[in-house]
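Novice:
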Ligand code: FES
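Residue numbers (our numbering): 1459 to 1587.
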């Protein structure tokens, strides 16, 4: 159990970046943390297979909200194929504190939903490299 969270985690929790919804998202997904029932939805705007805008909504603990907020700050301009392959470290490096096994599901919720939204549209923009 974490004793307390660092200031930047609390800042993202209290003032989440890219929080809300998009008018006509090109891709979206949502999922729940099975341990607590908290839910996150991610919506993407796409431009030629790259993320041009992103929003998330839902509720959850400080770790789930802050890790989603920090992650989504890094994905604008990324190809769907890159997003679909993002590793856990893409989240853990942002969070910067040790995450207990129980909290890992909280930390990974946003990543899981983001990847699910990206994978859902991957067939429309296969990587042509
Ligand atoms: Fe629900 Fe963390 S306790 S997402």
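Idealized CB from N, CA, C, for every residue including glycine.
For the putative contact between residue 1524 and residue 1467, defined by C-beta atoms under 8 Å, what is the C-beta separation to the nearest angstrom?
Specialist: Contact holds; Cβ gap of about 4 Å.
Novice: Going by the beta-carbon positions, is the gap between residue 1503 and residue 1510 smaller than 8 Å?
Specialist: Contact flag set, yes.
Novice: Near residue 1486, what residues of its chain come up, given a Cβ to Cβ distance below 6 Å and the 5 sequence neighbours on each side ignored?
Specialist: Correct list, in chain order: 1501, 1575.
Novice: For the beta strand (DSSP E) that residue 1573 lies in, which residues bound it at each end?
Specialist: Per DSSP, residue 1573 belongs to no beta strand (DSSP E); it is in the alpha helix (DSSP H), 1559 to 1579.
Novice: Skipping 5 residues on each side, what residues in its chain have a beta carbon closer than 6 Å to that of residue 1557?
Specialist: Same-chain partners within the cutoff: 1565.
Novice: Looking at the strands, I want to know which residues DSSP matches up with residue 1508.
Specialist: In DSSP, residue 1508 forms a bridge with 1505, 1537.
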